[in-house]
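Asker: Sequences listed follow chains A and B, in order. Following UniProt numbering, the numbering of the first sequence begins with 1 at its first residue and continues without gaps. Following UniProt numbering, the numbering of the second sequence begins with 1 at its first residue and continues without gaps.
2 protein chains.
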Amino acid sequence: MSAKIVTCIAPVNIAVIKYWGKRDEDLILPLNDSLSLTLSLEHMCSTTTIMASPNFIENKLWLNGKEESTENKRFQKCLEAIRKEAVKNTGTQDYLSYKIHVCSENNFPTAAGLASSAAGYACLVYTLSKLYGVTGNISKIARQGSGSACRSIYGGFVQWHSGCDPLGEDSLAVQVAPETHWPEMKVLILVVSDNKKKVSSTSGMSTSVVTSELLKYRVTECVPKRLIAIKEAIKNKNFAEFAEITMKDSNQFHAVCLDTYPPCIYMNDISHIIVDFVHKYNRMCGDIKVAYTFDAGPNACLYLLEDQVQDVLSLINVIFPSTIANDEFLKGIPITPKVASKELIDKLSMDPLLQKDVLKYVIYTEGGPGPCEIVEHLLNNDGTPKMLI
Amino acid sequence: MSAKIVTCIAPVNIAVIKYWGKRDEDLILPLNDSLSLTLSLEHMCSTTTIMASPNFIENKLWLNGKEESTENKRFQKCLEAIRKEAVKNTGTQDYLSYKIHVCSENNFPTAAGLASSAAGYACLVYTLSKLYGVTGNISKIARQGSGSACRSIYGGFVQWHSGCDPLGEDSLAVQVAPETHWPEMKVLILVVSDNKKKVSSTSGMSTSVVTSELLKYRVTECVPKRLIAIKEAIKNKNFAEFAEITMKDSNQFHAVCLDTYPPCIYMNDISHIIVDFVHKYNRMCGDIKVAYTFDAGPNACLYLLEDQVQDVLSLINVIFPSTIANDEFLKGIPITPKVASKELIDKLSMDPLLQKDVLKYVIYTEGGPGPCEIVEHLLNNDGTPKMLI
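(1) Given that Asp-259 of chain B touches chain A, what residues does it touch there, using C-beta distances under 7 angstroms?
(2) Would you say Glu-241 of chain B faces chain A, with C-beta separation under 9 angstroms as the test?
(3) Name the chain A residues that come within less than 7 angstroms of Asp-269 of chain B, Cβ to Cβ?
(4) How about Tyr-217 of chain A: is its C-beta nearer than 9 angstroms to some C-beta of chain B?
(5) In whole angstroms, give me the CA-to-CA distance for Gln-308 of chain A and Phe-294 of chain B.
(6) Would you identify the three-state DSSP class for Tyr-281 of chain B, choosing helix, strand or coil?
(7) Quick one: give me the first and last residue of the alpha helix (DSSP H) that His-254 of chain B is part of.
(8) Beta-carbon within less than 7 angstroms of Ile-230 of chain B's beta-carbon, same chain only, minus the 5 sequence neighbours each way: which residues are those?
(9) Quick one: using the 10 Å Cβ neighbour count with 16 as the cut-off for buried, is Asn-55 of chain B buried or exposed?
(10) Kindly list, in the order they appear in chain B, the residues whose Cβ is closer than 9 angstroms to that of residue 448 of chain A.
(11) Which full runs of the beta strand (DSSP E) of 3+ residues lie inside the region 3-85 of chain B, going along the chain?
(12) Starting from Cys-264 of chain A, trace the beta strand (DSSP E) in both directions and tell me its first and last residue.
(13) Determine the extent of the beta strand (DSSP E) in which Gln-159 of chain A is found, giving its start and end residues.
(14) What does the alpha-carbon distance come out to for the pair Pro-11 of chain B and Met-44 of chain B?
(15) So, with DSSP's three-state summary, where would you put Cys-150 of chain B?
(16) In this structure, does DSSP put Val-209 of chain B in helix, strand or coil?
(17) Using a Cβ-Cβ cut-off of less than 8 angstroms, give me the residues of the region 143-170 of chain B that come near chain A, in sequence order.
(18) Checking the sheet assignment: what are the DSSP bridge partners for Ala-229 of chain A?
(19) Does the Cβ of Ile-184 of chain A have 16 or more other Cβ atoms within 10 Å, making it buried, or fewer, making it exposed?
(20) Select from B:Asn-282, B:Gly-156, B:Leu-215, B:Thr-220 the residue whose C-alpha is nearest the C-alpha of Met-247 of chain B.
(21) Find the residues of chain A that neighbour Ile-265 of chain B, judging by a C-beta separation of less than 7 angstroms, and give them in chain order.
(22) I need the boundaries of the beta strand (DSSP E) containing Ser-120 of chain A, first residue and last residue.
(23) Going along the chain, which unbroken runs of the beta strand (DSSP E) with 3 or more residues stay wholly within the region 334-367 of chain A?
(24) Leu-31 of chain A: buried (16+ other C-beta within 10 angstroms of its C-beta) or exposed?
(25) Quick one: is Val-134 of chain A buried, meaning 16 or more other Cβ sit within 10 Å of its Cβ, or exposed?
(26) Need the endpoints of the alpha helix (DSSP H) that residue 397 of chain B sits in, please.
(27) DSSP state of Lys-186 of chain B, grouped into three classes?
(28) Would you mind giving the Cβ-Cβ distance between Ser-193 of chain A and Val-358 of chain A, rounded to the nearest angstrom? I have them listed as a contact below 8 angstroms.
(29) From Ala-3 of chain A to Ser-53 of chain A, what does the alpha carbon distance come to, in whole angstroms?
(30) Checking contacts by CB at 9 angstroms: is His-43 of chain B closer than that to chain A?
(31) Quick one: Cα of Cys-372 of chain B to Cα of Leu-29 of chain B, how far?
(32) Rounded to the nearest angstrom, what separates Pro-178 of chain A and Ser-206 of chain A at their Cα positions?
(33) Identify the contact partners of Lys-186 of chain B in chain A, using a Cβ-Cβ distance below 7 angstroms as the criterion.
(34) At a cut-off of 8 angstroms, would you count Ser-271 of chain B as near the ligand NAD, judging by its Cβ distance to the nearest heavy atom?
(35) Just checking my contact of Lys-60 of chain A with Glu-67 of chain A at CB under 8 angstroms: how many whole Å lie between their CB atoms?
(36) Please report the straight-line C-alpha distance between Arg-151 of chain A and Ala-119 of chain B, rounded to a whole angstrom.
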């Protein structure tokens, strides 16, 4: 049998009910359910090519053009789990024993802290599943690469069920609603300049589990109620309700980080100014029209309906003055930003920042489907990467 | 009967178990007990002169050289409550009906957010009590001016009992240990440059009570245990235990602020760098040698034993470079700061900030006694202020 090659792309997802804290470090089993929107593959995605060949003498891995060790425990776990599933699904096949070459890249800066490991591991596991012909819910395998990766296996609104099986067989992602259910829902990602070294989310959440008393309460009392309420809001396309829960849950997640000892701080002064901007915008509207959410970094993800995008972008340009050319500053869905009217600016009642370029760029995007196979490979026929840096 | 004049000074206090959230807005009854150290009157205090005279035609109030309205509800409450107590204590006296002139000032910038209202109301109520000959626990009256003012009525370590009486008769401050119990305990107040408008603590805590789910848990589950533990640590002069509880409680208080909707943010990026500095210093020492605590503002209050002061100050000078002259930068207890050795700097392993003067100044102080009467008045014999601005 000859070599086999498969290439897939997988999306980023942004949680609105946050995952923070594992009940099992090894299997990556979370303390609580979480819920996210999978973002469009158009603007942000991971691409992974995997080739299995009898000619390869060892497994090889390239990430963003740089060779990395395959000894990574999480990588190995995903590979083993998929192969085990493949044997169950289709019986032992020759090429299951072939060495593989894996080449993966993100079309957005890994350093931006934009859920790159979620997209990356979802892409790895999805591509492996295509390579080996594995079907069924592979999210529990992606979960073992990076917890939140399991949510990137599906499109639209996705819930990661924490499950209760000690082996994690029921800790998997399930689609709550496809992205087509709420096409008016849009996303603005505000990438914030930051040079502070952050506590990694893996180490931060494990410290939280040990030291934060508030985390216990969040997990048992707050999150379950919020999940029910936000699923109802999604079902009814009730934006104000969806947005309020999203903001409260982001704040509570960062509150738990602060209650950790030593504290993990991910938001910075600029993040908090964005929070302030959103609350002021909503107050101006007399209704909740925009929601913010922050992951383990200073970047903001704003959820809003399409009819608000122009106004919000125009005010971002006023409050967060930028010297960066517009086509460099605003990425994603093409849009010609309008200029904020004086009336709108006055109504917002917020002073523009004196410091320029606190935002590096903004990505305008929306919900999208799960991973899919594509035909353009990142590896040459001989298994070497087309691009190296 | 002729005019009567009394002048007193009252101290600032810095809580180690924080007060955040009222169960009664009107009577200023807190949701939980809190505990603080009263700071020395030498370096930071409020001074208040009150004169009662049959010749005065109306009550008058000057704060920091500026005339203010006496219609202030909290001012009125304190005045009424003290007069009621005076009648109970000593019977009706002529001068209880005299109008009063009140002149008050702080010897530290009010704007620095350094618990000025606590010292101010403690001073007002203490001075009134001297004027009218009121004895007994007047902290429950000071409490009605500003909650944390009740703790400034006593010296040393002071607990504010939340109490359970709906009228607040048992919501008062009690000394846990005098400052002389632990004379090695010192305090460094790091005043942080900041121009952000903050949510007032009164409005912030009332929003927290309504919106923060985590606050409920903090009040019922976390604070009671911490109070027992920190009182034990104070009794045994166990610094590491005292410090860890202090830091955790400060973090949890700010976590609750962040869990509030909309969130109240008091710490800024510099505050968090100070937190990081303290944890790095403690790691370097292999033991907890310094504790931080933050109130409703970005300034840090560091608790530490005397033997650490030189090292900590020398490293502050390295990490937070200042262009301000030393005698302007370091106030309080006189000390000649040494220069940090290269070895100490290397061991700390923290990069100095590139931005200069993020700290406005540092106050070196310690625990101290409660308010006392002094002989130098802020009012002339005719009841006019000696100093106006």
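Built from N, CA and C at the ideal position, the CB exists for glycine as well.
Answerer: In short, the structure shows the following:
(1) Asn-251, Gln-252, Ala-255
(2) no
(3) Asn-268, Asp-269
(4) yes
(5) 38 angstroms
(6) helix
(7) 239-258
(8) Val-16, Ile-17, Leu-35, Phe-242, Ile-245
(9) exposed
(10) Past the edges of chain A, shown from 1 to 389, lies residue 448 of chain A, and the structure says nothing about it.
(11) 4-11, 13-17, 22-24, 34-38, 45-53, 60-63, 66-68
(12) Run containing Cys-264 of chain A: none; DSSP gives neither H nor E here.
(13) 157-160
(14) 7 angstroms
(15) helix
(16) helix
(17) none
(18) None, per the DSSP bridge assignment.
(19) As written in the sequence, residue 184 of chain A is Glu, which differs from the Ile given in the question. By the neighbour-count rule (16 or more Cβ atoms within 10 Å), Glu-184 of chain A is not buried but exposed.
(20) B:Asn-282
(21) His-272
(22) Note that residue 120 of chain A is Gly in the sequence shown here, rather than Ser. Run containing Gly-120 of chain A: none in the beta strand (DSSP E); it sits in the alpha helix (DSSP H), 116-132.
(23) 359-366
(24) buried
(25) buried
(26) Beyond the ends of chain B as shown, which are 1 and 389, falls residue 397 of chain B; an answer cannot be given.
(27) strand
(28) 6 angstroms
(29) 4 angstroms
(30) no
(31) 26 angstroms
(32) 32 angstroms
(33) Correct list: empty, because the minimum Cβ distance to chain A is about 22 angstroms.
(34) The ligand NAD is not part of the structure shown, which contains no ligands of any sort.
(35) 7 angstroms
(36) 53 angstroms
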